[in-house]
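Worksheet: the structure to be examined is printed underneath.
Chains as they are written, first to last, in our numbering: chain A, 90 to 251; chain B, 90 to 251; chain C, 90 to 251.
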């Protein structure tokens, strides 16, 4: 079929004149956590790196967000002293006790402070993906921050790019 | 025209060998607010859900950001007691009075505290869109937070995906 | 070569029936800073605007993030009094002295407060690009915030769209 063959050649020869076909890829994953205490931090960098590799995205972005409103995803240093400093500091800025100081706790909850702490630490991070990897500075690490644990909670990972 | 028909066949048969055409869609909308008091919170989740549907994006992200620097867009719980707790807490962390304590207010403004409060609550949220919907946890709701109201202000919604 | 010509015509005539080819463009750049003091703010809006233009992206998003965990990228007002207010306010919320109050500083560092300040001000901003420009409100300006300077640090700019 000579005509068909010609059609393919025409397609190729057209590409350089202003456009080229692309793959837009996306990957959606849920990570589950059940922190045994009320508060805690978990380094999830390795897990996210694995998902970026799995996605096959070379150039794009990676959104990682807590799906619960008393938890955070944030980027900072994997140093245990600092994580302890965050714990002490957040307790000073938004103390758990007395629980009666918060209107929210009149609903029967005791976690109003957790909703406040999460606003300081943030809900989400957006990380660039360059050449198939998280485009990170030397000390950047992604953490899940729990402020009202002892139950199962999710983090969403959404990767988009090509 | 048999040759033309052959060309189309060639195009189809080429697709599976490594690429396929895509739609990259985007939608840009402005939401307007005029909060009658200095401070207030508005749940805009339903509005954003409607815009995601309108965009036709199945897999992508939705950026929602305050376009004014004394306002926030944030995600937390649609519980009135908690919103009141945020109000009290932000006033403690960045009090409005005395207005003379802030250098910014020497410009004739009285809203320096609003610029500070907005940094705690954040400028923007980025939400994943999966299968045509906001990919949300069970209690996630999007709020507009006003810290210096009584005038018209805008929020930008940008949806990108395919 | 009449056959080849027919093939090109077929390609064009197919486009309107449900899809069209797209450019997905991305641009990745590093900005370098060396702030002479421990703390400081730099307005980087003009630089980011130049990179958006360079990228050729008409509809998309621009991620700007600190690559160091004692620095921030944030959007607020280019008013010197306000920047001074941020400095005073952050020092009140997360004081540098006494450095011995922080567990992190037992590692030999003295910058634990900088890690805390950066959480208040944020790591990153995501800005919409509409019609080839940053889609900004009237007063929005992008700042680099340094909380532990006197050494070279990077900011990442990632622009994605079409």
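All C-beta atoms in this analysis are idealised placements derived from N, C-alpha and C, irrespective of residue type, glycine included.
Just curious, the alpha helix (DSSP H) that residue i is in, first and last residue?
{"i": "residue 138 of chain B", "result": "134–144"}
{"i": "residue 208 of chain A", "result": "201–210"}
Short check: CB of residue i to CB of residue j, under 8 Å?
{"i": "residue 188 of chain C", "j": "residue 174 of chain C", "result": "no"}
{"i": "residue 230 of chain C", "j": "residue 126 of chain C", "result": "no"}
{"i": "residue 246 of chain C", "j": "residue 120 of chain C", "result": "yes"}
{"i": "residue 122 of chain C", "j": "residue 242 of chain C", "result": "yes"}
{"i": "residue 182 of chain B", "j": "residue 182 of chain C", "result": "yes"}
{"i": "residue 194 of chain A", "j": "residue 201 of chain A", "result": "yes"}
{"i": "residue 212 of chain B", "j": "residue 214 of chain C", "result": "yes"}
{"i": "residue 113 of chain A", "j": "residue 232 of chain A", "result": "no"}
{"i": "residue 124 of chain C", "j": "residue 238 of chain C", "result": "yes"}
Whole angstroms is fine: what's the gap from residue i's alpha carbon to residue j's?
{"i": "residue 236 of chain C", "j": "residue 146 of chain C", "result": "32 Å"}
{"i": "residue 96 of chain A", "j": "residue 153 of chain A", "result": "Low local confidence applies: a pLDDT of 38 at residue 96 of chain A is under 50, so the model's placement there is unreliable, with the coordinate-based value given in what follows. C-alpha separation (whole angstroms): 44 Å."}
{"i": "residue 159 of chain A", "j": "residue 210 of chain A", "result": "10 Å"}
{"i": "residue 149 of chain A", "j": "residue 220 of chain A", "result": "9 Å"}
{"i": "residue 248 of chain C", "j": "residue 117 of chain C", "result": "7 Å"}
{"i": "residue 184 of chain A", "j": "residue 170 of chain B", "result": "17 Å"}
{"i": "residue 177 of chain B", "j": "residue 250 of chain C", "result": "41 Å"}
{"i": "residue 167 of chain B", "j": "residue 155 of chain B", "result": "19 Å"}
{"i": "residue 157 of chain B", "j": "residue 197 of chain C", "result": "41 Å"}
{"i": "residue 225 of chain A", "j": "residue 180 of chain B", "result": "35 Å"}
{"i": "residue 151 of chain A", "j": "residue 240 of chain B", "result": "36 Å"}
{"i": "residue 192 of chain A", "j": "residue 163 of chain B", "result": "19 Å"}
{"i": "residue 129 of chain C", "j": "residue 161 of chain B", "result": "24 Å"}
{"i": "residue 139 of chain B", "j": "residue 227 of chain B", "result": "18 Å"}
{"i": "residue 115 of chain C", "j": "residue 218 of chain A", "result": "11 Å"}
{"i": "residue 222 of chain C", "j": "residue 136 of chain C", "result": "13 Å"}
{"i": "residue 144 of chain C", "j": "residue 208 of chain A", "result": "33 Å"}
{"i": "residue 234 of chain A", "j": "residue 190 of chain C", "result": "22 Å"}
{"i": "residue 244 of chain B", "j": "residue 186 of chain C", "result": "39 Å"}
Once DSSP output is grouped into helix, strand and coil, what is the label at residue i?
{"i": "residue 175 of chain C", "result": "helix"}
{"i": "residue 222 of chain A", "result": "strand"}
{"i": "residue 213 of chain C", "result": "strand"}
{"i": "residue 170 of chain A", "result": "helix"}
{"i": "residue 105 of chain A", "result": "Here the model assigns residue 105 of chain A a pLDDT of 40, short of 50, so the residue's position is not dependable, and the following value carries that caveat. In the structure shown, residue 105 of chain A sits in coil (DSSP, three-state: anything other than H, G, I, E or B)."}
Tell me where the beta strand (DSSP E) around residue i begins and ends.
{"i": "residue 154 of chain A", "result": "149–155"}
{"i": "residue 230 of chain B", "result": "230–235"}
{"i": "residue 115 of chain B", "result": "114–122"}
{"i": "residue 165 of chain A", "result": "160–165"}
{"i": "residue 195 of chain B", "result": "That residue, residue 195 of chain B, is in no beta strand (DSSP E); it is neither H nor E in DSSP."}
With DSSP as the reference, please indicate the residues paired to residue i in a beta bridge.
{"i": "residue 250 of chain B", "result": "B:114 and B:149"}
{"i": "residue 242 of chain C", "result": "C:122"}
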